[in-house]
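Peer 1:
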Amino acid sequence: MAEPSFAEQVATLNGALQAIEKRMAQGQIPTAALTEFKSSVDDLRLRLWGLLSAGSANDYRAFQESFRLRRAKEICRGIDADLRSGAMSTRHEEIPLLGTAANELSRTITKVKPAG
Numbered sequence: 070m071a072e073p074s075f076a077e078q079v080a081t082l083n084g085a086l087q088a089i090e091k092r093m094a095q096g097q098i099p100t101a102a103l104t105e106f107k108s109s110v111d112d113l114r115l116r117l118w119g120l121l122s123a124g125s126a127n128d129y130r131a132f133q134e135s136f137r138l139r140r141a142k143e144i145c146r147g148i149d150a151d152l153r154s155g156a157m158s159t160r161h162e163e164i165p166l167l168g169t170a171a172n173e174l175s176r177t178i179t180k181v182k183p184a185g
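Using the numbering used here, the first residue of the sequence shown is number 70, and each one after it goes up by one.
#1: Cβ atoms of F106 and I89: under 8 Å apart, would you say?
#2: Taking the alpha helix (DSSP H) that I89 belongs to, which residues open and close that run?
#3: How big is the Cα-Cα spacing for P99 and V181?
#4: Measuring only the C-alpha atoms, how far is L120 from G147?
#5: What ranges does the alpha helix (DSSP H) occupy inside the stretch 124-175, keeping only unbroken runs of at least 4 residues that lie completely in it?
#6: If you run the structure through DSSP and keep just helix, strand and coil, what is A71?
#7: Under three-state DSSP, which class holds K182?
#8: Can R167 and T159 be called in contact, C-beta distance under 8 Å?
#9: What number of angstroms, rounded off, separates the C-alpha of D149 from the C-alpha of A170?
Shown next, in the form of structure tokens:
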């Protein structure tokens, strides 16, 4: 099957946005889900900005890597602050899994000795 054209992909995105707007107007979408969608749109916007500002594929790859690292840092710091302040419940089953992943990442970063 042929890959959709860029115009078709943009049309699909616009159609999805219109469907979401309609469902939101009808009260069918909870605010939490809308917040998650906004985060996805923000990510898409920043990635598009990276594509437009990159001079080559290598520049875009470096942009993507830096973007992911900055977002991961922001998310980790935000979760840390929320847990410390009590703004986030400690009852989530994902918290120990996140701790394990964070420890593994910390060990890997120490091993690869990043520049900086």
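Quick reminder that beta carbons are idealized off the backbone N, C-alpha and C, glycines included.
Predicted model only: the values in this text are computed from it and were never measured.
Peer 2: Quick look at the numbers:
#1: yes
#2: F75 to A94
#3: 42 Å
#4: 27 Å
#5: 126-154
#6: coil
#7: coil
#8: The question names Arg, but residue 167 in the sequence shown is Leu. Going by C-beta atoms, L167 is not nearer than 8 Å to T159.
#9: 14 Å
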